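What follows is one structure encoded as structure tokens, with my remarks underneath.
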Amino acid sequence: MKSKKLLATLLTVSIAASAGLTGCGNKEEGKNDSAKEVDKKQEGKSEKDKEQYLNAGSGEPTSLDPALVNDDTSLAPQGLLYEGLTRLTPQEDGTGKLDPGVAEKWEVSKDGLKYTFNLRKDAKWSDGKPVTAKDFEYSWKRLCDKKTGAKSAGVIKDVIKNSGDIMEGKKSVDELGVKAVDDYTFEVMLEKPCGYFMELTYFGGLKPVRKDIIEKHGKKYGSEAEYVVGNGAYTLKEWTHKNKLTFIKNENYWDKDKIHLTTINWKVMQDDNSKMQAFQNGELDSIFVIDPEWIEKFKQDPNNEFINSHGNNVDYLLMNVKKNKFLKNEKIRKALAVSFSREEFVKGVWNDQAVPMYGYVTEGLSLDGVSYKKFVDNDFIKKIQEENKDPKKLLQEGLKELGLSEDPSQVTFSLFARGTSEAQKQEVEFFQQKWKESLGINVKIEQMDNNIMYSRVQKGDFDMSFNGWFADYNDPNAFLYAFHSKDGDYKDAGWVNKKYDDALIKAKSTTDPKERAKLYGEAEKALVYEDTVIIPVMSTKNPRFRKKYIKNYHTTEFGRDDYKGVYTSGRTK
Numbered sequence: 003m004k005s006k007k008l009l010a011t012l013l014t015v016s017i018a019a020s021a022g023l024t025g026c027g028n029k030e031e032g033k034n035d036s037a038k039e040v041d042k043k044q045e046g047k048s049e050k051d052k053e054q055y056l057n058a059g060s061g062e063p064t065s066l067d068p069a070l071v072n073d074d075t076s077l078a079p080q081g082l083l084y085e086g087l088t089r090l091t092p093q094e095d096g097t098g099k100l101d102p103g104v105a106e107k108w109e110v111s112k113d114g115l116k117y118t119f120n121l122r123k124d125a126k127w128s129d130g131k132p133v134t135a136k137d138f139e140y141s142w143k144r145l146c147d148k149k150t151g152a153k154s155a156g157v158i159k160d161v162i163k164n165s166g167d168i169m170e171g172k173k174s175v176d177e178l179g180v181k182a183v184d185d186y187t188f189e190v191m192l193e194k195p196c197g198y199f200m201e202l203t204y205f206g207g208l209k210p211v212r213k214d215i216i217e218k219h220g221k222k223y224g225s226e227a228e229y230v231v232g233n234g235a236y237t238l239k240e241w242t243h244k245n246k247l248t249f250i251k252n253e254n255y256w257d258k259d260k261i262h263l264t265t266i267n268w269k270v271m272q273d274d275n276s277k278m279q280a281f282q283n284g285e286l287d288s289i290f291v292i293d294p295e296w297i298e299k300f301k302q303d304p305n306n307e308f309i310n311s312h313g314n315n316v317d318y319l320l321m322n323v324k325k326n327k328f329l330k331n332e333k334i335r336k337a338l339a340v341s342f343s344r345e346e347f348v349k350g351v352w353n354d355q356a357v358p359m360y361g362y363v364t365e366g367l368s369l370d371g372v373s374y375k376k377f378v379d380n381d382f383i384k385k386i387q388e389e390n391k392d393p394k395k396l397l398q399e400g401l402k403e404l405g406l407s408e409d410p411s412q413v414t415f416s417l418f419a420r421g422t423s424e425a426q427k428q429e430v431e432f433f434q435q436k437w438k439e440s441l442g443i444n445v446k447i448e449q450m451d452n453n454i455m456y457s458r459v460q461k462g463d464f465d466m467s468f469n470g471w472f473a474d475y476n477d478p479n480a481f482l483y484a485f486h487s488k489d490g491d492y493k494d495a496g497w498v499n500k501k502y503d504d505a506l507i508k509a510k511s512t513t514d515p516k517e518r519a520k521l522y523g524e525a526e527k528a529l530v531y532e533d534t535v536i537i538p539v540m541s542t543k544n545p546r547f548r549k550k551y552i553k554n555y556h557t558t559e560f561g562r563d564d565y566k567g568v569y570t571s572g573r574t575k
């Protein structure tokens, strides 16, 4: 679940790695370009290709400590800095192949409870020290330690042995089921067999940090370039806040021969028009675009390549069911859910660069290689629509249950936009207008910085917010666990449903994909259909452009971008 989870809205991200919410790198092992093959492909290359670099654009990370973040803007660059036990190798069809990372091989016991990872002896930190099993033991225990304040600890709760009791203060963190058997053997004991455990081994929060570095820098770790030591393909040379992060090739990385870009300039850019102009002027090499005018303009340039894939993300309206008196009522929440057209929103606001969503979990999530949608018909909003042809009548019934008059004009609440841009304002203005027209209610829009908005939502200080979520590992739990009432990212948003919580806990230890899908389906039904705590709206496509001189660049729906195998040939600027 990569708990990572707050979606730093797609509207504020411009590099494909961030806007696409995916990781990328080389092709399947055995098909990658070696350094020699790259040189051969670059015969006749331009002078600009002598120094291999990439110009990217994104928002400002809140931290580069993998344990402390769960927003995409902060997680995306960490694919460059850190490598987990495994990695996802992007395939040409957009899927990802689970490949060795720091672990070169692993074994699973017959009962499915013990995983033994053999680490490669040439894996090193950016300062040249070896990456050891002790580093993983320390990092995973640190994630579970309440003193850390980790954002993504819930991803392993009740998966790794004793993790639940540790997080609830019943056991010491030293009792977590992880152990460095020796310097290069890392052993993990599970509470019960878990059908998706290996998907967690590339999850951001479980990537290693080093104990001596954390103890040296304390809370400063991850806040400046001088306070970061990683084991990934790149190291952070410079971080000029609100301006740029400069990553350079990690010469101590075990697979450095497949890292061809020597520098990645990660420019901090928030304004959409500035990003468009930067791409047009050659100051960015890749960009996420939904504005139809810019799309058409960029398509006219023969040096641009257009890619439009579907991502594993969902945008939805989240309601606080404890704060606002009107949103406490289920019928009022349902009336809001069925009183606007998702198709109209997608076309009018997002220029057809998304697909309408009537459920929460996207079809790209799978269980043992089979799409969740093959197991579960989760178009729950359509079912509510079929049962309630008159949303205004449903609203009035809700008001009556609250002991109020049936006058809809008394209904009011605030709606948070997910940023300060004009595009983000237009998103929430759509709902404001449609609810006024169809229901006669009054909605107040509030705009603030994205990070401030999500912080307030996580604290329960909101009425309604327009949120986004993406999966950073391949299992429906990556979506659903966000709403677990004790451990989810939105545990303070007011909703508690024991059936939901129990289904997710049981699913963690259910290895049969059909049974696990059934449990997930029951949980999603409670969230969307029965209690209607969230209102799914859309799942965005990933319309993006990149310069054609970027070669061997593929993305996958999960994981983090490390640019392994990527190079440039024919750069003109």
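One rule links them: number in this note's numbering = place in the sequence shown (from 1) + 2.
Ideal placement from N, C-alpha and C gives every residue a C-beta, glycine not left out.
This one's a predicted model, so the numbers in the text were calculated from it and none came from an experiment.
| Query | Result |
| --- | --- |
| Since THR248 and THR264 are thought to touch, with beta carbons under 8 Å apart, how far apart are those beta carbons, to the nearest angstrom? | Actually they are not in contact, since the Cβ atoms of THR248 and THR264 sit about 11 Å apart, beyond 8 Å. |
| Between the Cα of LEU145 and those of GLY572, GLY207, GLY224 and LYS500, spot the shortest distance and give me the residue it belongs to. | GLY207 |
| Can you tell me which of THR414, GLY421, PHE342 and GLY366 puts its alpha carbon nearest to the alpha carbon of LYS391? | PHE342 |
| Could you check whether the segment 198 to 212 touches the segment 74 to 85, counting it as contact only if at least three pairs of C-beta atoms, one from each stretch, sit closer than 8 Å? | yes |
| Using a threshold of 8 Å, state whether the C-beta atoms of ASN453 and ARG420 are closer than that. | no |
| At the level of alpha carbons, what is the spacing between PHE433 and PHE281? | 31 Å |
| Considering only their Cβ atoms, is the gap separating ASP379 from TYR360 smaller than 8 Å? | no |
| Classify GLY490 as buried or exposed, calling it buried when 16 or more other Cβ atoms lie within 10 Å of its own Cβ. | buried |
| I'd like to know whether the C-beta atoms of ARG122 and GLY561 end up nearer to each other than 8 Å. | no |
| To which residues does DSSP link VAL180 through a beta bridge? | VAL190 |
| By DSSP, does TRP268 sit in helix, in strand, or in coil? | strand |
| DSSP three-state label for ARG344, please. | helix |
| Can you tell me whether GLU298 is buried or exposed, with buried defined as 16 or more other CB within 10 angstroms of its CB? | exposed |
| Excluding the 5 residues preceding and the 5 following ARG335 in the sequence, name in chain order all residues of the same chain whose CB lies nearer than 7 Å to its CB. | MET321, LEU329 and THR534 |
| Mark GLY400 as exposed unless 16 or more other C-beta atoms lie within 10 angstroms of its C-beta, in which case mark it buried. | buried |
| Please classify LYS218 as buried or exposed, where buried requires at least 16 neighbouring CB atoms within 10 angstroms. | exposed |
| When you compare only the Cα positions, how much space is there between ASP101 and PHE377? | 27 Å |
| Checking contacts by CB at 8 Å: is GLU399 closer than that to chain B? | Protein chains in the displayed structure number just one, and chain B is not present. |
| Please classify PRO63 as buried or exposed, where buried requires at least 16 neighbouring CB atoms within 10 angstroms. | buried |
| Quick one: using the 10 Å Cβ neighbour count with 16 as the cut-off for buried, is ASP273 buried or exposed? | exposed |
| Which value, in whole angstroms, describes the spacing of the CA atoms of VAL348 and MET540? | 7 Å |
| If you reduce the DSSP assignment to three classes, tell me which class HIS219 lands in. | helix |
| Look up ILE162 in the DSSP assignment and say whether it is helix, strand or coil. | strand |
| Which residues in the same chain as THR574 place their Cβ atom closer than 6 Å to its Cβ, once the five residues preceding and following it in sequence are excluded? | none |
| Looking at ASN314 and GLY130, is the spacing between their C-beta atoms short of 8 Å? | no |
| According to DSSP, which residues form a beta bridge with TRP108? | PHE119 |
| Please work out which residues of its chain come closer than 8 Å, Cβ to Cβ, to ASP514, disregarding the five sequence neighbours upstream and downstream, and give them in chain order. | GLY197 |
| Tell me GLY98's beta-bridge partners as DSSP assigns them. | PRO92 |
| Restricting to Cα atoms, I'd like to know which of PRO358, LYS427, THR134 and LYS500 is closest to GLU106. | THR134 |
| Quick check on the burial criterion: 16 or more other C-beta atoms within 10 angstroms. Buried or exposed for PRO538? | buried |
| Measure the alpha-carbon distance for TYR229 versus LYS222 and round it to whole angstroms. | 7 Å |
| DSSP three-state call for ASP41: helix, strand or coil? | In this prediction, ASP41 has a pLDDT of 49, which is less than 50 and means its spatial position is unreliable; what the coordinates show is noted afterwards. In this structure, ASP41 counts as helix in the three-state DSSP scheme. |
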